[in-house]
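Letter 768 of the first sequence, counting from 1, is numbered 1579 in this note's numbering, and no numbers are missing.
Note that CB positions come from ideal geometry on N, CA and C, so glycine has one too.
Just so you know, these numbers come straight off a predicted model, no measurement behind them.
To start, the structure itself, in structure tokens.
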Amino acid sequence: MDEEKRSWKPSEIERKWQSYWDDHGTNSFTDEELRSAEDPYYNLMMFPYPSAEGLHVGNIYAFTGADVHGRYQRLRGRDVFEPIGFDAFGIHSENFALKVGKHPMDLIPSNIENFTRQLRRIGGMFDWDHAVDTTHPSYYKWTQWVFLKLFDAGLAERKEAPVNWCPSCMTVLANEQVVGGLCERCDTPVEQRRIAQWFFRITDYAQRLLDNLDEIDWSETTTKAQRNWIGRSEGAEIAFPLVPSEKLPIHGGESAAADAGVPAKTDPESVTAIDESRMIRVFTTRPDTLFGATFMVLAPEHPLVDALTTDEQRATVEAYRTKAAASDLVSRQKTDKTKTGVPTGGYCRNPATGEAIPVWIADYVLMDYGTGAIMAVPGHDERDFEFATEFGLPIRRVIATGDEDADTPLDPPLEKAASGDGTLVNSAQFDGMPKDEAIRAITEWVAERGLGELRVNYRLHDWCISRQRYWGPPIPIVHCDACGPVGVPEDELPVELPRVEDFKPLDDGVSPLARDESWYRTSCPKCGADARRETDVSDTFLDSGWYFLRYPSARFDNRALDAEITEKWLPVDAYIGGNEHAVLHLLYARFLTMVLGDLGHVDFEEPFTKFRAHGLIIRNGSKMSKSRGNVIVPDPIIEEFGADTFRLYLMFLGPFDEGGDYRDEGIEGPRGFLSRVWDSVLSAEDRDADPDVERKLHQTIEQVTAQLADLQYNTSIAAMMEYLNVARAGGRTPARAEVERLVVMLAAFAPHIAEELWEHLGHEGSIFDAAPWPEFDPAKAKEDTVDLAVQVNGKLRGTVQVPAGADQETAEQAARAEENVARYLEEGEIRRVIHVPDRLLNYVVA
RNA sequence: GCCGGGGUGGUGAAAUCGGUAACCACAGGGGACUUAAAAUCCCCCGGGCGAAAGCCCUUGCGGGUUCGAGUCCCGCCCCCGGCACCA
């Protein structure tokens, strides 16, 4: 009897069941099991970066939410594969290693060991036999293989691109490391440098990446973020021929032009395509405003700037370009600063008006979007308007709305309406045409002369994967003077990252690997001549862009992906993770999968059938972070309360997709609940279930089953608590039949206590293998009577108990008998009665 | 500025095909058990008026639709996250 009444000791049973799972292979698959699984369900969560600090509550929240989903699917009978791994390469690890004066090769293994310990302790259903570590040669061998597949397919190319450079730290910085134009570590103004880098041509896939978003079952917030990031916009590319003169005055003007012997205006139809180098191409979403383009603006880096610049302007232009180049990307792109720019002295001809219009350069035009040049339409674009006002350039109205006409002035400040819809004015034969029609018509009109075409543009940029850093997989390329860049043959992979003691980045922008001559000297795989290895390493996002493909094949070292197993287990059934990766990781993963699909290595193009974004844990009003000092270290909490309680608490905080507010005292609720579950099961009596409790049980089964499937964890926990309150109401001791199914439902959240109680109830084996998911019986859940709300003129005047499904007559009879209702009914004549069966009865009295 | 997500008791939050606002829990108050404490159990707990029955008010603000609005529509305000001179 004493044994029956023993108390709940979380740490004891958690240790017991974690060992049981390991010893029995409960959570891991053998190769044979992977091949023979009948009902595969691939449950994925975002693998962590193994920091020195260990797992934080944010990680545990995410993993627990994903694990609850996996365990639920397992309880429903699926064969659930739930792998985990470590994303251990990258600048973060490298910087930390530099800071503490250690080598990442020494640091990472102990971090991984610590993470592994923590992950086991929270009771995740992880398949440790298929864990991956991106820094292990057995993994990055295949990361390099992925690079080579793209290289061979012509989707990896080397080209020059600007990067952020901190002259104090002597290193390249990621955009995220530049804060307000300053280096996040030393507050030094960041410069731009141009360095040759490897790019993946993700822009070739922009349209497919966009289109497929309609087909996949993802959190709306995530697909929206991807749509924005891809940034498709429709418009036209229009060419403006250069005016072959260096003598036109800086701001144009007919008389000056005439003096120089160059027509300031010609018949528009005579403006036609001449050779490429003598035209400026622009991208615009508003070709309908072409008649209003009164000047051109090029990005300072635009290749035609030299050719356009007149001798008089050369010094000014050079000074401006130098200044623009020295400024960092972030502060240059600030929207709130006053516009700057200088005229090149050159002119080009507006193909609609035939006018010669001046060409300026300004840093508000970005080289890496569109063509790096714009036609400025100050009358209908706020930025161009600001620029024209600043420099006294002409402004012309070409769109009129409402009661405006061609002569309605466009006075500063420009109203927002000017960039909206309307009909054309001051646009010759197109006057009176609505905007949308004019977009086509004007584009066609200039297209006839070879000066334009409808075009789609994307904000998405090619993916720069080069890092002039140490801690990453070497890019598997050999540079040969004769053959150019040559891929390392597959049988020579991996190109191992050598142990370099001095891996600190230097001011020359040359990668640390370039200091190890014995490493980079090699021979060309093609011609055998002396050659040099690529010394850049690849971006961490390449490591994480394909890890989910590797997991099921992780145990094979002679192939990246086992065809049979990949076909069986992929694509991933459910991916749960943070929305901070909505665009980078999740977009890259889709891109790489699409490419590998096209190349025949996988037979699908979307990696994640379903993706759900979880929310963030908030504490004291803000996101948990070290700098805010509001971080919760999980280990002491697990120590004190146990993993089950901690898991249950995290899932109970708030809606999983919204996150929640972490309060230290809040854990008492779930702790007490589990403790009552324990007591209830240990003292449960062997008798039939009470019909009222049984009814509540089936209502709970219905709710929990539906809500668990939809990741509505907080409300399904509330439902189970409510049920237990009913089962224990008035201090009654529940029957065994009343608590057994509760234990199964609870198992997804609190696996250890559920295993222990399941065993206590006399069952053999893991609850996750042995227990059937409770079956919902609608007949048993049905209520005999319902409380019907009775309103008079929409105000609640009483509730009456009626049989479930009672008709209006029955309901009214009960309602009128209610004294308070009757009183209000006497106040006037009943005009109308609204009866919503089983919900309410509303009398409209006047 | 643009794109998301929010705004409900002292607190975390429930309830959105329009139908009893505040389930579940935390904190707080009271009580039982105890020599005492812890643990556990029971009761109360949006605001106001009232002895009670009951009445009035209440879901960021202002309008509207409706028998009926936290939920739908129009116009605003505020908070959080992301993007930001993208032509």
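Residue environment, residue i, which counts as buried when at least 16 other CB atoms sit within 10 Å
{"i": "E814", "result": "Because E814 carries a pLDDT of 45, less than 50, the predicted location of this residue cannot be relied on, and the following value inherits that uncertainty. Label assigned to E814: exposed."}
{"i": "A1517", "result": "exposed"}
{"i": "P1447", "result": "exposed"}
{"i": "A1228", "result": "Residue placement at A1228 cannot be trusted, given a pLDDT of 44 that sits under 50; the coordinates are not used to answer."}
{"i": "N975", "result": "buried"}
{"i": "Q1018", "result": "exposed"}
{"i": "L1410", "result": "exposed"}
{"i": "D1580", "result": "exposed"}
{"i": "D1302", "result": "exposed"}
{"i": "P1300", "result": "exposed"}
{"i": "Q1008", "result": "buried"}
{"i": "E849", "result": "exposed"}
{"i": "E1248", "result": "exposed"}
{"i": "A1540", "result": "exposed"}
{"i": "G1152", "result": "buried"}
{"i": "V1267", "result": "exposed"}
Beta-carbon proximity list for residue i, same chain, < 6 Å, skipping 5 on both sides
{"i": "T1544", "result": "S1494 and E1496"}
{"i": "R1005", "result": "E971 and P973"}
{"i": "T1083", "result": "R1260"}
{"i": "E823", "result": "none"}
{"i": "L763", "result": "Nothing can be reported for residue 763: it is not among the residues displayed for the chain, which extend from 812 to 1657."}
{"i": "G1263", "result": "A1047, I1049, T1254 and V1257"}
{"i": "W1040", "result": "V1394"}
{"i": "L1459", "result": "P1481, F1560 and A1561"}
For residue i, the residue or residues it bridges with in DSSP
{"i": "Y1158", "result": "P1169"}
{"i": "T841", "result": "Looking at the DSSP assignment, T841 forms no beta bridge with any residue, so it has no partner."}
{"i": "T1596", "result": "P1614"}
{"i": "R1343", "result": "H1290 and R1332"}
{"i": "C1275", "result": "F1010"}
{"i": "G836", "result": "None, per the DSSP bridge assignment."}
{"i": "W1029", "result": "F1422"}
{"i": "H788", "result": "The structure shown does not extend to residue 788, since the chain is modelled only from 812 to 1657, so the question has no answer here."}
{"i": "P1296", "result": "H1290"}
{"i": "R1125", "result": "Paired residues: none, contrary to the question."}
{"i": "N854", "result": "A1385"}
{"i": "K1076", "result": "E1166"}
{"i": "D1472", "result": "I1429"}
{"i": "E1264", "result": "E1048"}
Of the residues the options, the one placed nearest residue i, counting alpha carbons only
{"i": "D1015", "options": "L1459, V1555, R1552 and W1274", "result": "W1274"}
{"i": "R1270", "options": "V1656, V879 and F1094", "result": "F1094"}
{"i": "L1119", "options": "L1053, T1096 and T1164", "result": "L1053"}
{"i": "D834", "options": "A1211, E1533, R1278 and S1577", "result": "S1577"}
{"i": "T946", "options": "L1535, I1449, D963 and N922", "result": "N922"}
{"i": "A1622", "options": "V1257, V1644, K1606 and E1586", "result": "V1644"}
{"i": "D1341", "options": "V1289, F1106 and P1614", "result": "V1289"}
{"i": "G1465", "options": "V1488, H1425 and K1437", "result": "H1425"}
{"i": "R1498", "options": "F874, E1551 and L1519", "result": "E1551"}
{"i": "E1505", "options": "L1553, Y1524 and F1463", "result": "L1553"}
{"i": "A1530", "options": "F1484, L1572 and H1571", "result": "F1484"}
{"i": "V1001", "options": "D1099, A1136 and E1080", "result": "A1136"}
{"i": "P1521", "options": "F1467, H1563 and A1565", "result": "The sequence given here has Asp at residue 1521, not Pro. Out of F1467, H1563 and A1565, F1467 has the C-alpha closest to the C-alpha of D1521."}
{"i": "E1345", "options": "L1353, E1328, G1339 and G1356", "result": "E1328"}
{"i": "S1334", "options": "D1078, F1402, D1292 and D1347", "result": "D1292"}
{"i": "E1513", "options": "P1585, G1573 and D1490", "result": "P1585"}
{"i": "H1571", "options": "S1527, H1646, V1611 and D1490", "result": "D1490"}
{"i": "T1351", "options": "D890, F1463, Y860 and G901", "result": "G901"}
Cβ-based neighbour list, residue i, same chain, cut-off 7 Å, excluding 5 preceding and 5 following
{"i": "W939", "result": "S839"}
{"i": "G1042", "result": "Y1269, R1270 and L1271"}
{"i": "R1482", "result": "F1452 and T1456"}
Same chain only: Cβ atoms within 8 Å of residue i, ignoring 5 sequence neighbours per side
{"i": "A1371", "result": "W953, W956, V957, L1360, R1361, S1364 and H1412"}
{"i": "V1656", "result": "V1603, N1604, Y1635, L1636, E1638, G1639, E1640, I1641 and R1642"}
{"i": "D1195", "result": "V1108, I1185, A1187, V1188 and P1189"}
{"i": "R1038", "result": "L1021 and L1024"}
What runs of the beta strand (DSSP E), each 3 residues or longer, lie entirely inside the region 1384–1453? With a minimum length of 3 residues, the continuous beta strand (DSSP E) runs that stay inside the region 1384–1453 are 1385–1389, 1421–1425 and 1427–1430.
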